[in-house]
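Undergrad: Let me begin by handing over the structure; questions about it come next.
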Amino acid sequence: MAVAVLLRQRALSSPHAASSCRNGSYYLGRLDPWAFRVVAGRFVCSFGWVRCHVFGRMPKPSAPSADITDQWWHTISVVYTSGLFSNSDLHSMVNSTNLRFWRTYHNSAKFDLTDLTHPHIWYPKAREKKRNVFLHVGPTNSGKTYSALKRLEASSSGVYCGPLRLLAREIAQRLNKVNVPCNLITGQERDEIEGAKHSSVTVEMADVTTDYQCAVIDEIQMVGCKSRGYSFTRALLGLCSDELHVCGDPAAVPLIQRILEATGDVVTVQYYERLSPLVPLKSPLGSFSNIKAGDCLVTFSRRGIYTLKKRIEREGKHLCSVVYGSLPPETRTKQATMFNDDTSDLDVLVASDAIGMGLNLNISRIIFSTMMKFDGFCNRELTVAEIKQIAGRAGRYGSKFPVGEVTCVDAEDLPLLHSSLKSASPIIERAGLFPTFDLLSLYSRLHGTDFFHPVLERFLEKAKLSPDYFIADCEDMLKVAAIVDDFPLGLYDKYLFCISPVDIRDDISVQGLVQFAENYARKGIVRLKEIFTPGTLQVPKTDNQLKELESVHKVLELYVWLSFRMDDSFPDREVAASQKSICSMLIEEYLERSGWRPQGRRKFLRGPQPQKLLQEYDESQLRKYFQEVNPGPK
């Protein structure tokens, strides 16, 4: 009833109408009955529903009329209530079942914006189908995703939803290679193929408004991830496909079965066994002189990765590729490719848990340098699921290492390794949820504020959930909200900045965010050259400079992400993308220069060298990259 009262009061408050649209979301301002006709009609069309012709026949009154408002109020409130859960997800027909449900719910006088106990009803288009859901579950390297992808290849239309850009790109390339035209769509990339009826996307970009014959969700165990789980929940509940193939760890099966009971889908579980053996060794690595080609040493800090790299290369036998999360995706792919290449001198890999998914690697032996990891809050032991995910990367089926081995640097870590590999992953109890923007927008109006931080914080405190769900960890989002609330921006703009891929723990990334938000609020347009100085990029000379260049890459990625959502206001996407590529090449050049290379050994970077590119750029200090941004506190 709160929704009805609020909108009714606004409708009667003035003969003038105010409505605005940003990115397809309509905001109801002070509305007269004629405004109800216009705004409700637009709202219906904006969600892809059939135009409501009865609104079109309604004559514009010469003055506000409470009778007319009463006449149309209930229908409009039902339509608006149906749509507020969508955040552009509900591009579907309003059917009688949905309207009856919401009318009953509205009349019950129990309407509560913070009630998130039935998230499956947010996706009525998917509920119109009786989907055939196939759960492909098993350990790493068991062929579960391969089976799902074969169904995707054979379908007339489909979508692959993965957790990483690297995976999305790999699947798009695979489908295009077998003559199945496939688009690549991620937060920072759009590669659309003419005539394509298939798409490979990161899970956050899943389109729940399109009908598919086949859809695939990979790594479904991430539905339990504190920060990103809600995106997997959205895909699981919202994808509108005849067949839905869900791949991942068996630990997610009971939860998914419970969640899908409410949808009426037909669920089939297919279990897989590992295709190649994984052997836990009884002895630790011992001396670093025992490192051999095909080994991968795993550690969980950037500093630890470079320390291990230098220590291994000092032995004079091996060169190392490195893979970790803050490396640009293009650089990670290049490093992995060189490690896999038999003609490359890079025959050992030093990596973080970033190798756990998204990269095909020819690893003979996984060696844990530590079984402890800092997770952003505390230093803790690796979980069973984390150990199994990483260890399982050894001995990929069909590679030159058909048998995988796993051990530790220190003997004291072996008991935890062995016990974890023998254990089943703990059952995933709950899936992530996050309120849609439409819910948050209406909630902000109920409380009379456009400040996003208190709206989000209060909503999360009041949210009501069923036992199968949890609210996503919004700590970083709340920190961004506190920043953007200082600028005169609309609620939707603040929301976009809050869900953007900014690394809130990185000073340079935060500085970039602040500058983007400030310029956008002040001018309505953000030109990259006003913030970033092209021509200042150079090969890092120290590890600290490398870290700074990685941060610059993050800021450029943030600009590209924003440009896909506010293209008129962030028009320099091509410039940002080209500078991103230069960052990646300079980082690769640093990694090559930092490696030990005996005289006479062949170079391991192929093709045009970054040194030639460097001649086009001025020498300058990194602090000049962002000329209008003051350094943040350390």
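Sequential numbering of the sequence shown, starting at 624, is according to the working numbering.
By construction, the Cβ of each residue, glycine as well, lies at the ideal position given by its N, Cα and C atoms.
Within the region 983–1014, note down every full beta strand (DSSP E) run reaching 3 residues or more, in order along the chain.
TA: If we require 3 residues or more, the beta strand (DSSP E) runs fully inside the region 983–1014 come out as 988–991, 995–997, 1002–1004.
Undergrad: Just to confirm the assignment, what range does the beta strand (DSSP E) spanning serine 944 have?
TA: Here the beta strand (DSSP E) through serine 944 covers 942–946.
Undergrad: Can you name the start and end residues of the beta strand (DSSP E) that glycine 871 belongs to?
TA: Looking at the DSSP string, the run of the beta strand (DSSP E) that includes glycine 871 is 863–871.
Undergrad: Give the secondary structure of cysteine 848 by DSSP, where H, G and I count as helix, E and B as strand, and everything else as coil.
TA: It is coil, neither helix nor strand.
Undergrad: So, leucine 878 versus glutamate 1052, is the Cβ gap smaller than 9 Å?
TA: Yes, the Cβ-Cβ distance between leucine 878 and glutamate 1052 is below 9 Å.
Undergrad: Taking 8 Å as the threshold, find out whether the region 859–869 comes into contact with the region 765–784 through three or more Cβ pairs.
TA: Yes, since at least three Cβ pairs between the region 859–869 and the region 765–784 fall closer than 8 Å, the two stretches touch.
Undergrad: Name the DSSP beta bridge partners of valine 973, please?
TA: Looking at the DSSP assignment, valine 973 forms a beta bridge with Leu920, Val945.
Undergrad: Would you call aspartate 998 buried or exposed, if buried means 16 or more other Cβ atoms sit within 10 Å of its Cβ?
TA: Aspartate 998 is exposed by the Cβ-count criterion.
Undergrad: State yes or no: is the beta carbon of alanine 1017 nearer than 9 Å to at least one beta carbon in chain C?
TA: Of the protein chains in the structure, only one exists, and it is not chain C.
Undergrad: Indicate whether the contact test is met: 3 or more Cβ pairs, each with one atom in the region 1101–1113 and one in the region 1178–1186, closer than 8 Å.
TA: Not touching, per the Cβ criterion.
Undergrad: Roughly how many whole angstroms lie between the Cα atoms of valine 1007 and valine 1032?
TA: Cα to Cα, valine 1007 sits roughly 18 Å from valine 1032.
Undergrad: What does DSSP give as the partner residue(s) for glutamate 1028 in the beta ladder?
TA: Answer is Val902, Arg988.
Undergrad: Starting from the Cα of leucine 775, find the closest Cα among Pro1124, Phe757, Asn1002, Glu827 and give me that residue.
TA: Residue Phe757 is the option with its Cα nearest to leucine 775.
Undergrad: For aspartate 965, tell me which candidate among Gly1135, Val1162, Ile990, Phe1024 has the shortest Cα-Cα distance.
TA: Cα-wise, what sits closest to aspartate 965 is Phe1024.
Undergrad: So, helix, strand or coil for valine 1149, using DSSP?
TA: Note: valine 1149 maps to coil in three-state DSSP.
Undergrad: What is the C-beta distance between isoleucine 978 and valine 945, in whole angstroms, given that I count them as a contact (C-beta under 8 Å)?
TA: About 11 Å separates the two Cβ atoms, so there is no contact after all.
Undergrad: For the ligand ZN, any of its heavy atoms closer than 8 Å to the Cβ of isoleucine 808?
TA: Although the ligand ZN was asked about, the structure shown includes no ligands whatsoever.
Undergrad: Quick check on valine 782: does DSSP put it in helix, strand or coil?
TA: Reduced to three states, the DSSP call for valine 782 is strand.
Undergrad: Indicate whether glycine 1027 and serine 906 have their beta-carbon atoms separated by less than 9 Å.
TA: Not in contact: glycine 1027 and serine 906 (Cβ atoms no closer than 9 Å).
Undergrad: What residue ranges within the region 737–765 form continuous beta strand (DSSP E) runs of no fewer than 3 residues, ordered along the chain?
TA: Fully enclosed beta strand (DSSP E) runs of 3 or longer: 755–760.
Undergrad: Would you decide whether arginine 750 is buried or exposed? Buried here means 16 or more other CB atoms lie within 10 Å of its CB.
TA: Answer is buried; the Cβ neighbour count reaches 16.
Undergrad: List the whole-angstrom C-beta distance separating leucine 787 from alanine 795, where the pair is believed to meet the contact cut-off of C-beta under 8 Å.
TA: Leucine 787 to alanine 795, Cβ: 13 Å. No contact.
Undergrad: Is it the case that the Cβ atoms of valine 889 and arginine 851 are separated by a distance below 9 Å?
TA: Cβ atoms of valine 889 and arginine 851: not closer than 9 Å.
Undergrad: Under 8 Å Cβ to Cβ from glutamine 836, same chain only, skipping five residues before and after it: list those, please.
TA: Same-chain partners within the cutoff: Ser778, Ser779, Ser780, Gly781, Ser864, Asp865, Glu866.
Undergrad: From which residue to which residue does the alpha helix (DSSP H) around valine 1125 run?
TA: Careful: valine 1125 lies outside any alpha helix (DSSP H) and carries neither H nor E.
Undergrad: Go to asparagine 799, then tell me how far its alpha helix (DSSP H) extends in each direction, as first and last residue.
TA: Run containing asparagine 799: 788–800, per the alpha helix (DSSP H) assignment.
Undergrad: Let me know the alpha helix (DSSP H) ranges lying completely inside the region 1075–1104, each 4 residues or longer, listed in chain order.
TA: Fully enclosed alpha helix (DSSP H) runs of 4 or longer: 1075–1085.
Undergrad: Suppose contacts are defined by Cβ-Cβ distances below 9 Å. Is cysteine 955 in contact with asparagine 764 by that definition?
TA: In the sequence as displayed, the identity of residue 955 is arginine instead of cysteine. No; because the gap between Cβ atoms is not below 9 Å, this pair is not in contact.
Undergrad: Spatial neighbours of threonine 891 within its chain, please: C-beta separation below 6 Å, excluding the five flanking residues on both sides.
TA: So the qualifying residues of the chain are Phe757.
Undergrad: How big is the Cα-Cα spacing for aspartate 1099 and lysine 1045?
TA: Those two C-alpha atoms are separated by around 36 Å.
Undergrad: Please report the straight-line C-alpha distance between aspartate 738 and proline 747, rounded to a whole angstrom.
TA: Cα to Cα, aspartate 738 sits roughly 17 Å from proline 747.
Undergrad: Taking DSSP's pairing of strands, which residues face aspartate 1116 in a bridge?
TA: DSSP lists no partner for aspartate 1116.
Undergrad: Using 10 angstroms around the beta-carbon of phenylalanine 1000, count the other beta-carbons present and answer buried if the total reaches 16, otherwise exposed.
TA: Looking at its Cβ environment, which holds fewer than 16 other Cβ atoms inside 10 Å, phenylalanine 1000 is exposed.
Undergrad: Just to confirm, are cysteine 1206 and proline 873 a CB contact at a threshold of 9 Å?
TA: Their beta carbons are not under 9 Å apart, which means cysteine 1206 does not touch proline 873 by this criterion.
Undergrad: Given cysteine 1121, which residues of its chain have a CB within under 6 Å of its CB, disregarding the five upstream and five downstream residues?
TA: Excluding sequence neighbours, cysteine 1121 sits near Met1100, Val1103, Ala1104.
Undergrad: Let me check understanding here. Comparing Cα to Cα, which of Ile1131, Glu1171, Asp1191, His1176 lies closest to isoleucine 1148?
TA: Taking only the C-alpha atoms, the option nearest isoleucine 1148 is Asp1191.
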